[in-house]
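Protein chains: 2
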Amino acid sequence: MDESARLMTVLRPVRAGNAFEETVERLLQAIKLGVVPPGGKLPPERELAVRLGISRVTLREAIRALSDAGYLDVRRGRYGGAFVTYRPPEPDAGTARQAVNAMGPGELADALTFRLAVESGAAQVLAASELDAAKRELLLRRLDELNAAGLDDYRRLDTAFHLSIAELTGSGLLAAACADARSRVSDLLNAIPMLQVNLDHAAVQHRAIVDAILAGDPEAAGRAVAEHLEGTAALLRGFLA
Amino acid sequence: MDESARLMTVLRPVRAGNAFEETVERLLQAIKLGVVPPGGKLPPERELAVRLGISRVTLREAIRALSDAGYLDVRRGRYGGAFVTYRPPEPDAGTARQAVNAMGPGELADALTFRLAVESGAAQVLAASELDAAKRELLLRRLDELNAAGLDDYRRLDTAFHLSIAELTGSGLLAAACADARSRVSDLLNAIPMLQVNLDHAAVQHRAIVDAILAGDPEAAGRAVAEHLEGTAALLRGFLA
DNA sequence: GCCGATTGGGCTAGTCTCAGACCATTGAGG
DNA sequence: CCTCAATGGTCTGAGACTAGCCCAATCGGC
């Protein structure tokens, strides 16, 4: 934690892997966060390759890998494309242990801390900013959609709600950081059973977050998000123990 | 800001450039943030290449470019290495305009928002955590060092103080995000003249941040950081207008 | 039933990047 | 003064990645 800690931070790896691996990771993020919903279609390869800044060859390798792994169904011809077949697994303690073993306990703590910081920071920033009618409406709509969700759609719409907060700040960097943070723990969150008590509790907290943001109270917004995320983190820790 | 916003966020470029460009950027970050201070030496090429996860050839190209650009002085032989010759430029409005034109106003707002969110989030998290004696001491030492700094060292130690907050959370991801956020605006901050009034004001705010963290008051810590950063952001905006 | 637009599938030549080995230079210490 | 360890400088062959082009399949609409 001395001077050398900063060296570790700044001189960390430039690349997290080769282009293929990073692409697989990114597509998996889009799928698991529900950015492309089950049954939905990825953009055409040519367009997607440009967006991701990689060649079509590499993109196709990644798509092929995800297709082989059962995440995607690729169809040729007009109105074809890569369709998402992935469905979040049923909550299960075994899956959770598997997921936490894949990353290690230190990495998990890192990810949870990161998520807590960026999401509460985002809410704080958003509450401090001027929100026009359209943005207020969007936030409320996302909340309504989440509250109306069935169990199948809950995780996806929960993610959509949380990410909307970061997106509404107008900072692409912040939105990307929140999406990244969320995807790092999504496998674990998916493993937690969705009990009605927890959902009810979450709904109250979501409401408190939106209220604080719309009221323009940054501290209340930050606190509300922190409490909410601490709740799920505690649930997770308890579930793993 | 609708559904497609999330597609933009998640399906953003996988690579910010080729390995050479990203390496130059990273080394520049280490230099400009003062992680390797003026006169200091970068780690040996072989070690640095491993840390950055790139080949020595690519690393050497990057070092060569920075050497040509006057940031580094490379010396051969035992006790040789790449020494930092860069000195932060004198504060100057022309430099500032140049820097802001290099990134565009939208990108600047993005970076400032990102910095605000991650740094206040980090302070909030740190204040909420248990701090042992060593960590408290480190935080206070950084503050003392900053207060004792001359004008030459002020920016560097200011950065060191702020980054320490993120590092102390124990989250490498969060520390990296804060370092990234800071490096995005460092050129601009360097362009702001350091007036004694501003330094005095900053010292009071730094003290408030540390007090809130040590008192274990997340909301006060988040607020203190937000006020502090908003202050410098406002200074920046006024300076550019 | 054919046409054309859209989309995935595949190939090639060229560039970037890497791992590893070997060479050249420097300066502290014997 | 010589030696030797640490460090930058250079080369090479192999693999990864890219841009661009053309082929193949599919389906709506004429």
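Taken in sequence, the protein lines are chains A and B.
Using the working numbering, the final residue of the first sequence is 1737, and nothing's skipped along the way.
Using the working numbering, the final residue of the second sequence is 1737, and nothing's skipped along the way.
Think of the CB as a built atom: it goes at the ideal place given N, C-alpha and C, for glycine as much as any other residue.
Along the beta strand (DSSP E) that carries residue 1571 of chain A, what are the first and last residues, could you check? That run of the beta strand (DSSP E) goes 1568-1571.
Residue range of the alpha helix (DSSP H) that residue 1590 of chain A falls in? Residues 1589-1599.
Measuring only between beta-carbons, confirm whether residue 1632 of chain B sits less than 7 Å from chain A. Output row for residue 1632 of chain B: interface = no.
What's the call for residue 1564 of chain A, buried or exposed, on a 16-neighbour Cβ count within 10 Å? It is exposed - the Cβ of residue 1564 of chain A has fewer than 16 other Cβ atoms within 10 Å.
Would you mind telling me which residues of chain A sit closer than 8 Å to residue 1628 of chain B, beta carbon to beta carbon, in chain order? Those within 8 Å of residue 1628 of chain B in chain A number zero; the least Cβ separation is about 11 Å.
Quick check on residue 1612 of chain A - is its C-beta less than 7 Å from some C-beta in chain B? Yes, contact with chain B.
Meets three-Cβ-pair contact criterion under 8 Å: the stretch 1657-1674 of chain B and the stretch 1587-1600 of chain B: In the pairwise beta carbon analysis, the stretch 1657-1674 of chain B is classified as not touching the stretch 1587-1600 of chain B: fewer than three pairs are separated by under 8 Å.
Could you tell me the alpha carbon to alpha carbon distance between residue 1534 of chain B and residue 1671 of chain B, rounded to whole angstroms? Distance between the alpha carbons of residue 1534 of chain B and residue 1671 of chain B: 22 Å.
What does DSSP give as the partner residues of residue 1579 of chain A in its beta bridges? DSSP, once it has assigned bridges, lists A:1537, A:1569 as partnering residue 1579 of chain A.
If you measure between the beta carbons of residue 1663 of chain A and residue 1501 of chain B, is that distance less than 7 Å? A Cβ-Cβ contact shorter than 7 Å links residue 1663 of chain A with residue 1501 of chain B.
Give a yes or no on contact between the stretch 1547-1557 of chain A and the stretch 1714-1734 of chain A, applying the rule of three or more CB pairs nearer than 8 Å. Fewer than three Cβ pairs drawn from the stretch 1547-1557 of chain A and the stretch 1714-1734 of chain A lie within less than 8 Å of each other, which leaves the two stretches out of contact.
Stretch pair the stretch 1676-1688 of chain B + the stretch 1639-1656 of chain B: three plus CB contacts closer than 8 Å: Yes, the stretch 1676-1688 of chain B touches the stretch 1639-1656 of chain B.
Rounded to whole angstroms, what is the Cα-Cα separation between residue 1580 of chain B and residue 1581 of chain A? Each residue's Cα considered, the two are about 52 Å apart.
Is residue 1606 of chain B near residue 1687 of chain B, with beta carbons less than 7 Å apart? No, the Cβ-Cβ distance between residue 1606 of chain B and residue 1687 of chain B is not below 7 Å.
Residue 1563 of chain B versus chain A: which residues are under 7 Å apart at the beta carbon? Chain A residues near residue 1563 of chain B: none, gap ~18 Å exceeds 7 Å.
Residue 1617 of chain A: buried (16+ other C-beta within 10 angstroms of its C-beta) or exposed? Flag for residue 1617 of chain A reads buried.
Hey, out of A:1727, A:1730, A:1602, A:1705, whose CA is closest to residue 1720 of chain A's CA? If we check each option's Cα against that of residue 1720 of chain A, A:1705 comes out closest.
What are the boundary residues of the alpha helix (DSSP H) that includes residue 1527 of chain B? Bounds of the alpha helix (DSSP H) holding residue 1527 of chain B are 1515-1528.
Mind listing which residues of the stretch 1581-1614 of chain B have their C-beta closer than 8 Å to chain A's C-betas, in chain order? Only 1605, 1606, 1607, 1609, 1610, 1612, 1613, 1614 from the stretch 1581-1614 of chain B bring a Cβ to less than 8 Å from some Cβ of chain A.
Would you mind telling me which residues of chain A sit closer than 9 Å to residue 1511 of chain B, beta carbon to beta carbon, in chain order? Going along chain A in sequence order, the residues near residue 1511 of chain B (Cβ under 9 Å) are 1511, 1515, 1518, 1548, 1549, 1550.
Use the C-beta contact count for residue 1696 of chain B: other C-beta atoms within 10 angstroms, 16 or more gives buried, fewer gives exposed. The residue is exposed, with fewer than 16 neighbouring Cβ atoms inside 10 Å.
So, helix, strand or coil for residue 1714 of chain A, using DSSP? Looking at residue 1714 of chain A - three-state DSSP - the assignment turns out to be helix.
Distance between beta carbons of residue 1621 of chain A and residue 1612 of chain B, contact taken as under 8 Å: Indeed, because the Cβ distance is near 6 Å, the residues count as touching under 8 Å.
Quick one: what does DSSP say residue 1507 of chain A is sitting in, helix, strand or coil? Residue 1507 of chain A: coil per DSSP, three-state reduction.
Taking the CB atoms as reference points, tell me whether residue 1624 of chain A and residue 1673 of chain B lie closer together than 7 Å. Result no, Cβ atoms of residue 1624 of chain A and residue 1673 of chain B do not sit closer than 7 Å.
Inter-residue spacing [alpha-carbon to alpha-carbon] between residue 1520 of chain B and residue 1505 of chain A: A straight-line Cα-Cα distance of about 16 Å links residue 1520 of chain B and residue 1505 of chain A.
Nearest to residue 1528 of chain A by CA position, among A:1710, A:1602, A:1575, A:1676, is which residue? The candidate whose alpha carbon is nearest that of residue 1528 of chain A is A:1676.
In whole angstroms, what is the alpha-carbon distance linking residue 1640 of chain A and residue 1531 of chain A? Whole-angstrom Cα-Cα distance: 18 Å.
Are residue 1539 of chain A and residue 1548 of chain B closer than 7 Å when you measure CB to CB? Judged by beta-carbon spacing, residue 1548 of chain B lies beyond the 7 Å limit of residue 1539 of chain A, meaning their Cβ atoms are not closer than that value.
Using the Cα positions of residue 1665 of chain B and residue 1709 of chain B, report the straight-line distance between them to the nearest angstrom. Taking the straight line joining both Cα atoms gives about 11 Å.
Establish whether the CB of residue 1553 of chain B and some CB of chain A are separated by less than 7 Å. No, no contact with chain A.
Measuring only the C-alpha atoms, how far is residue 1732 of chain B from residue 1628 of chain A? Roughly 25 Å separates the two Cα atoms.
Mind checking whether residue 1619 of chain A and residue 1661 of chain A have CB atoms under 7 Å apart? Residue 1619 of chain A places its beta carbon less than 7 Å from that of residue 1661 of chain A.
Measuring alpha carbon to alpha carbon, tell me which of A:1707, A:1690, A:1602, A:1583 ends up nearest residue 1635 of chain A. Selected option, being the one with the closest Cα: A:1707.
Contact list for residue 1666 of chain A against chain B, beta-carbon separation under 8 Å: Simply 1605, 1606, 1609.
Please list, in chain order, the chain B residues whose beta carbon lies closer than 7 Å to that of residue 1675 of chain A. Those within 7 Å of residue 1675 of chain A in chain B are 1505, 1506.
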